[in-house]
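S.K.:
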Amino acid sequence: MSAAVPPAMDPAAAGEMAREAAAWCALHGLVVGDRADPRSATVPGVGLVHAPFSLLPAHLPESFWRQACDLAPIFNELVDRVSMDGNFLQDALSKTREVDDFTSRLLEIHRKMMEINKEENIRLGLHRSDYMLDSETSSLLQIELNTISASFPGLGSLVSDLHRTLIKQHGTLLGLEHKRVPANAANTQFAAALAQAWAEFNIDSAVIMMIVQPEERNMYDQYWLSTHLQDSYPFMFCLHVEAEGQVLPDGTLLVGGQKVAVVYYRAGYTPNDYPSEAEWSARLMMEQSSAVKCPSISYHLVGTKKIQQELAKPSVLERFLESKEEIDKVRKCFAGLWSLDDEEIIKTAVEKPELFVLKPQREGGGNNIYGLDLRETLVRLQKEGGDALAAYILMQRIFPKASLAYLVRGGVCHEGLAISELGIYGAYLRYKDKVVINEQCGYLMRTKVSSSDEGGVAAGFAVLDSLYLTGKVKTNEISERLFHPNYILCFVNQMLNMYFTRTVFLTCNQQKSFPVRN
Ligand code: ADP
Ligand code: MG
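For the sequence shown, the UniProt record's numbering gives the first residue as 1, with consecutive numbering after it.
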């Protein structure tokens with residue numbers, strides 16, 4: 001991400017700090033299941049290893065941080081508006097459905113909901129918008145918008161704590177100030193939004209249900225979220241809705257005899273989560289119920305890569321947003337995006353594949369196609385003819401500037417050139433016409449060696465990171481109070497001119513306290 005370079009360290013000192021940091025991870029629950037232990041994805045508390053992390057936070061000029069934070073409530077609102085236009089979603093994805101079975105099944109559920117005029121009075125979105133800083137143009141460009149299963153609100157918050165702790169201890173030596181690592185309350189804010197959705201549902205005995213995969217090495221990220229809920233709210237994990245769920249005639253969703261207020265999906269975003277028809281029936285059943293779905297089928301579809309590309313077409317944003325200023329802000333972060341019915345762009349991509357990324361309609365990392373594979377795939381699909389190309393979108397490749405980083409994985413610290421991807425979480429809750437929550441809530445930085453194309457942490461490409469704000473942030477004006485996790489920071493930056501130093505004002509909103517159970 002970085003414009004300013006983090007400090008270089010002597011390898012022995014980096015190794016020593018990595019040991020200290022790994023111990024901190026073990027003591028504070030910054031852990032994942034260890035691949036080496038076959039039970040680590042199914043049995044909690046067995047085979048833990050520290051989550052892969054970067055020893056020091058990635059540097060980011062504060063103006064980009066502010067820009068990304070500013071965008072969060074706009075994207076939250078945009079997702080909601082687009083989700084309400086069922087015909088737009090169906091039309092935009094009509095070609096994709098012909099060639100992509102997974103998208104087709106999602107669209108089928110969506111169509112059924114349109115047919116019965118299903119209304120979602122309470123709509124909850126827990127999103128993460130991901131960005132990279134393009135070094136060529138020095139602009140912050142969106143990689144994708146995740147509207148389902150946005151991961152790492154739990155572990156991401158902890159990495160910020162880890163970095164602040166390390167900098168407090170070693171900062172003088174490194175020339176770093178811990179106050180430049182923004183506080184990160186993604187975890188508690190996501191939990192608060194789930195709790196608020198439960199409160200809006202207004203049935204005390206109904207539970208918040210998190211749907212998870214039967215094998216999940218990232219389970220502790222989910223447990224972190226659940227710990228914030230479990231003490232005060234009826235909460236349960238669920239692996240098999242298909243076996244235990246039913247919808248009553250009045251729309252109530254019952255799972256294992258338990259009324260469900262909120263269904264929070266940390267599964268369901270990949271075809272692997274639907275090994276048989278039973279899982280598709282369960283997804284449909286939940287959609288038909290009165291429970292709040294996070295996400296609803298419409299929100300899920302809005303997060304597809306095809307919709308990202310459609311929204312980037314001229315005049316499409318104008319259909320959903322009124323404010324010209326907001327439209328400009330959103331458009332400014334769009335990279336080049338193309339559908340593959342454009343002969344010219346295919347020709348260019350075949351000639352210069354290194355400037356593009358070919359993306360299928362998949363989530364979870366490891367699916368994108370780059371370089372020579374991209375060229376071969378395009379040539380092959382073109383030869384095959386038909387609509388096969390409609391399963392993909394083409395995206396401008398973003399080239400962040402690489403900088404020195406210390407990536408710690410399995411207790412070993414590797415020094416190398418790395419690039420980072422900034423994710424900004426957003427929470428949105430609506431009850432009919434009333435917007436109850438629309439806020440930016442915390443962030444996730446992921447860093448990977450610059451030679452790696454893909455970026456997922458769970459997929460094994462990247463490590464968890466936080467960020468270090470550079471630029472003229474007047475840290476002496478930033479009180480410790482403002483960095484408390486219960487506060488959100490908003491930077492409002494005055495224009496720089498020749499005679500006045502840049503001044504950064506900080507405003508804060510007290511985080512919504514959790515709704516009280518009656
Ligand atoms: P997924 O749904 O699998 O997470 P993404 O669109 O986020 O799909 O792509 C996965 C990873 O590939 C990203 O985390 C990023 O590291 C890399 N990537 C995606 N798009 C681009 C791009 N346009 N330029 C450079 N890298 C990209
Ligand atoms: Mg991604």
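Heads up, the beta-carbon is just placed ideally off N, CA and C, and yes, glycines get one too. This structure is a prediction, so every number in the text was calculated from the model and none was measured.
1. Cβ atoms of Y131 and M209: under 8 Å apart, would you say?
2. Could you pull out every unbroken beta strand (DSSP E) segment of at least 3 residues lying fully inside the segment 420 to 474, listed in chain order?
3. So Q308 and L337 are in contact, right, with Cβ under 8 Å, and what is the actual spacing, rounded?
4. For a test of your reading of the model: does the CB of E343 fall under 7 Å from any non-hydrogen atom of the ligand ADP? Yes or no.
5. Tell whether a beta-carbon distance below 8 Å holds between L155 and Y220.
6. Got a sec: does the ligand ADP put a non-hydrogen atom nearer than 7 Å to the Cβ of R430?
7. Check whether the Cβ atoms of S402 and I424 sit closer than 8 Å, and answer yes or no.
8. Between V159 and D465, which are expected to be in contact by the criterion C-beta below 8 Å, what is the C-beta distance as a whole number of angstroms?
9. Look at the alpha carbon of V492 and the alpha carbon of I122, and state the distance between them as a whole number of angstroms.
10. Using a C-beta cutoff of 8 Å, does F88 count as contacting chain C?
11. Can you have a look at A278 and say buried or exposed, based on whether 16 or more other CB atoms are within 10 angstroms of its CB?
12. If we call anything under 8 Å between Cβ atoms a contact, is S290 one with L253?
13. Can you name, in chain order, every residue of its own chain whose Cβ lies under 6 Å from the Cβ of Q258, other than the five neighbours on each side?
14. If I follow the unbroken alpha helix (DSSP H) through F166, where does it start and stop?
15. Please list the segments of the beta strand (DSSP E) lying wholly inside the segment 56 to 144, counting only runs of 3 or more residues, in order along the chain.
16. Please report the Cβ distance between V43 and V32, rounded to the nearest whole angstrom; I am assuming they are in contact, meaning their Cβ atoms lie under 8 Å.
17. Report the rounded CA-to-CA distance for I393 versus N146, giving the unit in angstroms.
18. Locate the beta strand (DSSP E) running through L404, then write down its first and last residues.
19. Helix, strand or coil, according to DSSP, for residue 526 in the structure here?
20. Does the distance from the C-beta atom of L173 to that of T304 stay below 8 Å?
21. Can you round the beta-carbon distance between S157 and N184 to whole angstroms, since I take them to be within the 8 Å contact cut?
22. Going by beta carbon distance, what residues of the same chain come within less than 8 Å of S205, once the five residues before and after it are set aside?
23. Is D101 near the ligand ADP, judged by its Cβ being under 7 Å from some heavy atom?
24. Out of H59, F102, R66, H240, point me to the one whose CA is closest to P271's CA.
25. Going by beta carbon distance, what residues of the same chain come within less than 7 Å of P282, once the five residues before and after it are set aside?
26. Which ranges would you report for the alpha helix (DSSP H) in the segment 4 to 29 if only whole runs of at least 4 residues count?
27. With DSSP run on the structure shown, which of helix, strand or coil describes K383?
28. Let me know the alpha helix (DSSP H) ranges lying completely inside the UniProt domain "Glutathione synthase substrate-binding" (206 to 302), each 4 residues or longer, listed in chain order.
29. Between E325 and A14, what straight-line distance do the alpha-carbon atoms span, to the nearest angstrom?
30. Here's a check: name, in chain order, each residue in its chain whose Cβ is nearer than 7 Å to the Cβ of S135, leaving out the five neighbours to either side.
31. For the beta strand (DSSP E) containing F334, list its first residue and its last residue.
32. What's the gap between the Cα of E77 and the Cα of M17?
33. Relative to the C-alpha of F201, which residue among L417, G442, L429 is closest?
34. If we ignore side chains and look at the alpha-carbon of each, how far apart do V350 and V379 end up?
35. Put I148 into one of helix, strand or coil per three-state DSSP.
36. Out of curiosity, what's the CA-to-CA distance linking K28 and P11?
M.R.: Reading off the structure:
1. Residue mapping note: residue 209 aligns to position 209 of the sequence shown, counting from 1. Residue mapping note: residue 131 aligns to position 131 of the sequence shown, counting from 1. Not a contact, by the Cβ cut-off of 8 Å.
2. 434 to 449, 463 to 465, 467 to 470
3. Along the sequence shown, read from residue 1 onward, the residue named residue 308 stands at position 308. Along the sequence shown, read from residue 1 onward, the residue named residue 337 stands at position 337. Yes, Q308 and L337 are in contact; Cβ-Cβ is about 6 Å, under 8 Å.
4. As a position in the sequence shown, residue 343 is number 343, starting the count at 1. It does not: the Cβ of E343 is nowhere closer than 7 Å to a heavy atom of the ligand ADP.
5. On the sequence shown, position 155 is the one that residue 155 refers to. On the sequence shown, position 220 is the one that residue 220 refers to. Result yes, Cβ atoms of L155 and Y220 sit closer than 8 Å.
6. Start at 1 with the first residue of the sequence shown, and residue 430 comes out as number 430. Not so, every heavy atom of the ligand ADP lies at least 7 Å from the Cβ.
7. Within the sequence shown, residue 402 is the residue found at index 402, counting from 1. Within the sequence shown, residue 424 is the residue found at index 424, counting from 1. Note that residue 402 corresponds to Ala in the displayed sequence, not to Ser. Not closer than 8 Å, so no.
8. By one-based count along the sequence shown, residue 159 stands at place 159. By one-based count along the sequence shown, residue 465 stands at place 465. Yes, they are in contact, since the Cβ atoms of V159 and D465 sit about 6 Å apart, within 8 Å.
9. Here the question's residue 492 lines up with position 492 in the sequence shown. Here the question's residue 122 lines up with position 122 in the sequence shown. At V492 the pLDDT is 27, less than 50, meaning the model places this residue with poor confidence and gives no usable figure here.
10. In the structure shown, chain C does not exist; there is a single protein chain.
11. Your numbering for residue 278 matches position 278 in the sequence shown. Answer is exposed; the Cβ neighbour count stays below 16.
12. Translated into the one-based positions of the sequence shown, residue 290 becomes position 290. Translated into the one-based positions of the sequence shown, residue 253 becomes position 253. Yes.
13. On the sequence shown, position 258 is the one that residue 258 refers to. Closer than 6 Å at Cβ, skipping near neighbours: V207.
14. Start at 1 with the first residue of the sequence shown, and residue 166 comes out as number 166. According to the sequence displayed, residue 166 carries Leu and not Phe. 153 to 174 is the extent of the alpha helix (DSSP H) around L166.
15. 58 to 61, 122 to 134
16. Your numbering for residue 43 matches position 43 in the sequence shown. Your numbering for residue 32 matches position 32 in the sequence shown. At roughly 14 Å, the Cβ-Cβ gap does not stay under 8 Å, so V43 and V32 are not in contact.
17. In the sequence shown, the residue the question calls residue 393 occupies position 393. In the sequence shown, the residue the question calls residue 146 occupies position 146. Answer to the nearest angstrom: the Cα atoms are 16 Å apart.
18. Taking the sequence shown and counting its residues from 1, one reaches residue 404 at position 404. Counting along the chain, the beta strand (DSSP E) containing L404 begins and ends at 403 to 409.
19. This structure cannot speak to residue 526, because the chain is shown only from 1 to 518.
20. For the purposes of this step, residue 173 is identified with residue 173 of the sequence shown, where counting begins at 1. For the purposes of this step, residue 304 is identified with residue 304 of the sequence shown, where counting begins at 1. No.
21. Translated into the one-based positions of the sequence shown, residue 157 becomes position 157. Translated into the one-based positions of the sequence shown, residue 184 becomes position 184. That pair is a contact at about 5 Å.
22. In the sequence shown, counting from the first residue as 1, residue 205 sits at position 205. So the qualifying residues of the chain are P234, K259.
23. Within the sequence shown, numbered from 1, the residue matching residue 101 stands at position 101. Answer for D101: no, Cβ out of range of the ligand ADP.
24. Within the sequence shown, the letter at position 271 stands for residue 271. Of the listed residues, the one whose Cα sits closest to P271 is F102.
25. Start at 1 with the first residue of the sequence shown, and residue 282 comes out as number 282. The amino acid at residue 282 is misidentified as Pro; the sequence shows Ala. Contacts found: V241, E242, G245.
26. 11 to 28
27. Within the sequence shown, residue 383 is the residue found at index 383, counting from 1. It is helical.
28. Taken in chain order, the complete alpha helix (DSSP H) segments of 4 residues or longer contained in the UniProt domain "Glutathione synthase substrate-binding" (206 to 302) are 219 to 230, 241 to 244, 277 to 288, 297 to 302.
29. Locating residue 325 in the sequence shown gives position 325, counting from the first residue. Locating residue 14 in the sequence shown gives position 14, counting from the first residue. Those two C-alpha atoms are separated by around 45 Å.
30. Walking along the sequence shown from the start, residue 135 turns up at place 135. Here the set comprises F399, P400, K401.
31. Reading the sequence shown from its first residue, position 334 is the one you call residue 334. Here F334 belongs to no beta strand (DSSP E), and DSSP marks it neither H nor E.
32. Indexing the sequence shown from 1 puts residue 77 at position 77. Indexing the sequence shown from 1 puts residue 17 at position 17. Looking at the two C-alpha atoms, the distance is approximately 42 Å.
33. Residue 201 sits at position 201 when you count from the first residue of the sequence shown. The residue with the shortest Cα to Cα distance from F201 is L429.
34. Residue numbering aside, residue 350 sits at position 350 when the sequence shown is read from its first letter. Residue numbering aside, residue 379 sits at position 379 when the sequence shown is read from its first letter. Answer to the nearest angstrom: the Cα atoms are 7 Å apart.
35. Sequence index remark: in the sequence shown, residue 148 carries index 148 (1-based). Coil, per DSSP.
36. Start at 1 with the first residue of the sequence shown, and residue 28 comes out as number 28. Start at 1 with the first residue of the sequence shown, and residue 11 comes out as number 11. Note that residue 28 corresponds to His in the displayed sequence, not to Lys. The alpha-carbon atoms of H28 and P11 are separated by roughly 25 Å.
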